[in-house]
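Working notes, beginning with the structure itself.
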Amino acid sequence: MTLKINGERLWSSLMVMAEIGATPKGGCNRQALTDLDKAGRDLFVSWCKEIGCELRVDQMGNLFLRQKGSDNNLPPVIIGSHLDSQPTGGRFDGVYGVLAGLEVLRTLNDANQQTLHPIEVVVWTNEEGARFSPAMIGSGVWSGEFSIDYGWQRTDKQGATIKQELERIGYLGETPCAPFPIKAAFELHIEQGPILELINKQIGVVKGVQGMRWYDLVIHGQPVHAGPTPMDQRKDPVKAATQIIAQLYALADEYAPQARATFGDINVTPGSRNTVPETLTLTVDLRHPNQDILQQMDQKFKQISEQVCAACDVDFDILDEWNSPAVEFDKTCIDAVREAVEEMGLAYEEMFSGAGHDSVYVSRVAPTSMIFVPCEKGISHNEAENAKPEDIAAGCQVLLGAVLKLAAE
């Protein structure tokens, strides 16, 4: 590969962007459609315009910065991620994929090289879901998962809608928020997990995103006094919950190493030290990259809940909160990434993403794949999030190689 990205320039751009919304502990708080998000968007757009990119803003505030191809009528190769952050987020989550896309365009501009297909760097609105729920709403509306009215009407905790905030910061565009012909889509991201660091490999060739199922398990017992009521006379939702949790951990072991079972929030009422709870609500998060296995996990979870609750003489309800099916990325895009890594001679691992990304929705309407680089101790969504400059540069070089392969065909 003759073209080389400028790793120092990319790192410098990341650090300059990190100053917008910088937190005392070295992270970033640049939540979607705040004044700080506007400042980050403004800076990014100014950098793109310096190298002659054309800007389109759609009705959800998604940004598309285009560098023309030699045949500008061909569908573009797009490079996309997000600039918004968690309230106590890091300097790399999302923003790395955007600024690496900019570095690809800067590298081509420096070399006065034009690809056959145009290239567009995309900034998706509200990927994090920290201010407006759900996450990935910009790419979700664009892909057709949500309607534009649904997207516009999402509110923050103060009642402000996405549409109001887009208008306020000047990023409510006129371009329809809808798919258009795309040659290929790439998203470069820190892994947000510990695998690459643990196995000492610099690049993750991402084959897909694991499926995710979220539930609220509500168990209904009988509130009675902790002292006078014998253990065998109780209808105790906690007893049932602990058995269900244990069996779901065993279920994850059964489908190891790729299965995940997480219980992030447990709430009991009335919440008194010396009263058996009346109700217990447990959040359940099940994940697996194989959709068939995830479906089996779903069925077994419901069977386990029914059997345990019957044995404990309690009632239960399972509320489906979210169902994100497993995603398999496009073979041609995956191959382009793999070939770019092998040409560079870097150690890589083929893997699945454990977290959701805008590429989940983009992949429904365009050939898509992702590239991962390690992050320190797998920490993300945290001010301590960190990555090595050499890994950041390597990931961007792989991105450039993959983009050049598909933008030339």
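Residue numbering for the sequence shown is -6 to 402, as defined by my numbering.
Ideal Cβ placement from N, Cα and C applies to all residues, glycine included.
Checking the DSSP bridge columns, you'll see phenylalanine 37 has no partner listed. Tyrosine 208 carries a strand assignment under DSSP once its states are collapsed to helix, strand and coil.
Judged by DSSP in its simplified three-state form, alanine 11 adopts helix. Beta-bridge annotation (DSSP): glycine 20 is not paired with any residue. In this structure isoleucine 188 does not touch leucine 241 by the C-beta definition: roughly 22 Å separates them, more than the 8 Å allowed. Comparing C-alpha distances from threonine 268 to each of His350, Ala219 and Arg59 shows the shortest one belongs to Ala219. DSSP places phenylalanine 179 in the strand class (E or B) of the three-state scheme.
Contact between the segment 158 to 172 and the segment 304 to 318 is absent, with fewer than three C-beta pairs closer than 8 Å. Within the segment 88 to 162, the alpha helix (DSSP H) runs of at least 4 residues that lie entirely inside it are, in chain order, 88 to 103, 130 to 136, 141 to 146 and 155 to 162.
Secondary structure at serine 74: strand, using DSSP grouped into helix, strand and coil.
Comparing alpha carbon positions, the residue from Gly201, Ala32, Gly122 and Ile112 closest to valine 353 is Gly201. In terms of CA proximity to glycine 371, Leu191 leads the group Tyr208, Ala395 and Leu191. When C-beta atoms of the segment 253 to 263 are compared with those of the segment 170 to 178, fewer than three pairs fall below 8 Å, so the two segments do not count as touching. By the CB criterion at 8 Å, valine 277 and tyrosine 208 fall inside the cutoff.
Going by DSSP, threonine 268 is part of no alpha helix (DSSP H) at all; its letter is neither H nor E. The alpha-carbon separation between lysine 381 and proline 367 amounts to approximately 8 Å. Within the same chain, and ignoring the five residues on either side of leucine 339 in sequence, the residues whose Cβ sits closer than 7 Å to its Cβ are Gln195, Ile196 and Ala387. Scanning the segment 231 to 279 from its first residue to its last, the whole beta strand (DSSP E) runs of 3-plus residues come out as 253 to 255 and 259 to 262. Per DSSP, the continuous alpha helix (DSSP H) segment holding arginine 331 begins and ends at 324 to 337. In terms of Cα proximity to glutamine 151, the closest of Ser126, Cys170, Ser136 and Asp142 is Ser126. Straight through space, the alpha carbons of valine 231 and leucine 26 are spaced by roughly 41 Å. Arginine 266 counts as exposed, since fewer than 16 other C-beta atoms from the protein chains shown sit within 10 angstroms of its C-beta. Check the Cα spacing between glutamine 52 and each of Asn119, Tyr164 and Met224: the tightest is with Tyr164. When C-alpha distances from lysine 228 are compared across Leu273, Ala243 and Val198, the shortest belongs to Leu273. In the DSSP assignment, isoleucine 364 falls within the unbroken beta strand (DSSP E) covering 361 to 366. Annotation: the continuous beta strand (DSSP E) that includes leucine 48 extends over 47 to 50.
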